[in-house]
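Peer 1: So in the UniProt record's numbering, spot 71 of the sequence shown is number 71, and the numbers just go up one at a time.
Built from N, CA and C at the ideal position, the CB exists for glycine as well.
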Amino acid sequence: MSAKISRSRYALGLSIRVLAIITIVIVAFGVYLGILIYGENSLTVLSQLKQSERNLLREAKRLKSENQRLQKESFELKQLATWEE
């Protein structure tokens, strides 16, 4: 009888306690990976922020170029106005 009890306390050569600890560790690691990939500070958020940064840098470059053009136009109009006086 004690051999039967002894066998039921072990599965795959490991005790039930060890199997429970391994299961808890695996589940905790899975939750950690889920948070890492899909959480508030996740890889997907990082990717979205990098794309947003690229878009903002592109927009800033476009606006600088437009600003230069408008400043040149303004300067030319001021020069024209002083010539007419």
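Go ahead and pull the three-state DSSP assignment for S42.
Peer 2: Coil, per DSSP.
Peer 1: Leaving out five residues before and five after S42 in sequence, what residues of the same chain have Cβ atoms less than 8 Å from its Cβ?
Peer 2: So the qualifying residues of the chain are I35, L36.
Peer 1: What residues are listed by DSSP as bridge partners for Y10?
Peer 2: Partner(s): S15.
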